[in-house]
Structure formats: C-alpha cells, structure tokens
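Okay, structure first, notes after.
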Amino acid sequence: MLLVTGVSGALGSLVAERLAGRDDVVLGTRAGLPGTRRVDFDAPVTLPDAFAGVDTLLLVSAGYGEDDTVIARHGAAISAAERAGVRHLVYTSLSGDGDHLTYALAHRWTERRLQRSATLDWTILRNGLYAEFLTWIAAPDAGNRITGPLGEGRLAAVAREDLADIAVAVATDPAAHRNRVYELVGERPLGGAELAAALGAAYAPGTLADARAAVAASGAVPFQVPMLASTYSAIAHGFLDGTGVESDLRALLGGREPRDALDVFVKAVREG
78 MLLVTGVSGA
88 LGSLVAERLA
98 GRDDVVLGTR
108 AGLPGTRRVD
118 FDAPVTLPDA
128 FAGVDTLLLV
138 SAGYGEDDTV
148 IARHGAAISA
158 AERAGVRHLV
168 YTSLSGDGDH
178 LTYALAHRWT
188 ERRLQRSATL
198 DWTILRNGLY
208 AEFLTWIAAP
218 DAGNRITGPL
228 GEGRLAAVAR
238 EDLADIAVAV
248 ATDPAAHRNR
258 VYELVGERPL
268 GGAELAAALG
278 AAYAPGTLAD
288 ARAAVAASGA
298 VPFQVPMLAS
308 TYSAIAHGFL
318 DGTGVESDLR
328 ALLGGREPRD
338 ALDVFVKAVR
348 EG
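For the sequence shown, the numbering used here gives the first residue as 78, with consecutive numbering after it.
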C-alpha cells in the first residue's frame, strides 16, 4: 500500500488527483479529513496508526516553518516509518543548486537521515522551484511593473504538474528508483525581463533591501523574510538557473517535453 502525505497542499493535492480511485493508495492529511488518514507530524502519536500496513510512503515535505520545526517533523515521520515496517520512502526535496537558500538545510538533513536509515529504501526527488512560485516573487504591481530584485538572473523553474506526474510515477514503482537522487530543474530558465514581456509589463527590479522591507511589512511570519530574500538573491546572482545541473526531469516524464514554465507563470498570474 502507498500512503501519500500532505494532500491538502499544492503538490500533494495534484498527486492525490492522479491517484484517485486506486484501492492500493491511502491519503494523509494533518486534520484527518473524511476519506484520509490523520498524519500529523507535530503529533507523532498519530503516526503508528497512519503508517500501519504501508509499504511505500510518499513524504511530501512539511517545509513550512523554522529549521528545527521542519527537522522534527521529518525526523518523526522517518522514525515512525522505520518502526512501522515501511519498505520504501520517497521524499520531495529541494534541487541541489538550492543550497544557498535559507530553507535548504532542513531538506539536506532529511536526505542524510534517509540515507543513513538501516531499514528503509529511499528515493529523493530534488524538486526545482515551482513556476507557480514566481507569482509570489515576480507578479506585476498595481503599476504593471515587476519590481522583484531578480537582477539579470534566471530561474530554472518547473511546472508543479510535472513534479506531481514524476512523484506518482516514482511512488507507484519505487523499486525501479531504489536509493536514487534525482535533480528536477527546468530546461528553460526565466528572467525578470522575459516574465515582464510575457505579461506586457515593465521590468524595474528594486533592491534586496526594498524587497526584504516589503515582505516584512506584508504580515509575513519571521522565517519567511529571509526565505524570500535568499530566493531573490540566489536567482539574481545566478545560482538557480540550472547551470551545471544535469536534470532528470525529461527522463522521469517518460521522455516527453516538460510543460512550459513561462506559460504556467502567465496563466497563474492571470488567474490570480
């Protein structure tokens, strides 16, 4: 049996849609919604029942929080999976070129914890940043200007739908991907000027200091401020454009062409 966690989130919900109706799949949500198992990493007491009878666990990163919080969640999940006799754990991580991001540490800790497990087989899906995420950091303002400080940098963004397709393919045939680490970054890196042109907007990048102040003033929780600032900086300074990364994206999509990240961005902006 396959258990998918985090199905109330953006990526997990897409995975759940693709697996709907299968009697060998169960879905996990923190609240234990009807038709799902309760999987609350902040309440490890819920995990033995949640993981009972599970052969393969698709652990969608519970990365919303400070490092110590995320590491505690993932550590609890992996330990519970080991005790429950889960055989294979598939984890949605962060692309290798993302090590300059403030939120990379918890992902790398989780990868290391998995690789040191004495009982689990594992697969690590190092997901690039979503094309949809660009709507958070590069959407036009009221004056139809993209002011995010992306500089001349570019992002090898990936359509979330493609990452969901890959997660399903790997989790439903885990033996073929035993103890593998896959890099899943986009093939067409996007820059601020290109994003603006696609929307008929102007590109007028501001400074990192301006962006940090704007995020802080938006009501963001404290950890989000350095998270977004580090993302802007990594893009602007050329660390997330896919250079030097041998992406497994197309291969794990069965050889088909990935969805166009620019089209995904434009659609997401226009749909609000």
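Glycine included, each C-beta is placed from N, C-alpha and C at the ideal position.
Comparing C-alpha positions only, which one of E229, S138, M78, A216 sits nearest to A311? Considering only alpha carbons, the answer is E229.
For G225, count neighbouring Cβ atoms within 10 angstroms of its own Cβ and tell me buried if that reaches 16, exposed if not. With 16 or more Cβ atoms within 10 Å of its Cβ, G225 is classed as buried.
A108: which of A252, A233, S85, G173 sits nearest, CA to CA? S85
Burial state of E209, where buried means 16 or more other Cβ atoms lie within 10 Å: buried
Under a three-way DSSP split, which group does T187 fall into? helix
Between which residues of its own chain and Y207 is the CB-CB distance below 7 Å, once the five residues before and five after are set aside? By the criterion of a C-beta distance shorter than 7 Å, Y207 is surrounded in its chain by A234, V235, R237, once the five residues flanking it on both sides are discounted.
Pull the bridge partners of E260 from the DSSP assignment, please. Per DSSP, R203.
Given E188 as reference, the closest of V103, Y259, G105 once Cα atoms are compared: Y259
Take D325 as the anchor and find which of V292, P266, L261, E348 has the nearest alpha-carbon. If we check each option's Cα against that of D325, L261 comes out closest.
Where do the ends of the beta strand (DSSP E) carrying T106 lie? Counting along the chain, the beta strand (DSSP E) containing T106 begins and ends at 102-106.
Classify G319: buried if its beta carbon has 16 or more other beta carbons within 10 angstroms, exposed otherwise. G319 should be labelled buried.
Hey, quick one: how far does the beta strand (DSSP E) through H358 stretch, first residue to last? Residue 358 lies beyond the residue range present for the chain, which begins at 78 and ends at 349; the question has no answer from this structure.
With the cut-off set at 8 Å, would you say V131 and L178 are in Cβ contact? no
Is it the case that the Cβ atoms of V322 and D119 are separated by a distance below 8 Å? Not a contact, by the Cβ cut-off of 8 Å.
When DSSP labels each residue in this structure, what does A72 get in the three-state scheme? This structure does not reach residue 72, given that the chain is present from 78 up to 349, and the question cannot be answered.
Would you mind working out which of V343, D101, D144 sits nearest M304, comparing C-alpha positions? That would be D144, whose Cα lies nearest to the Cα of M304.
For L272 and F316, I'd like the C-alpha separation in whole angstroms. Roughly 18 Å between the two C-alpha positions.
Within its chain, find whatever has a CB closer than 6 Å to the CB of F300; leave out the 5 residues flanking it on each side and keep chain order. E143
T284 classed as buried or exposed, judged by whether at least 16 other C-beta atoms fall within 10 angstroms: exposed
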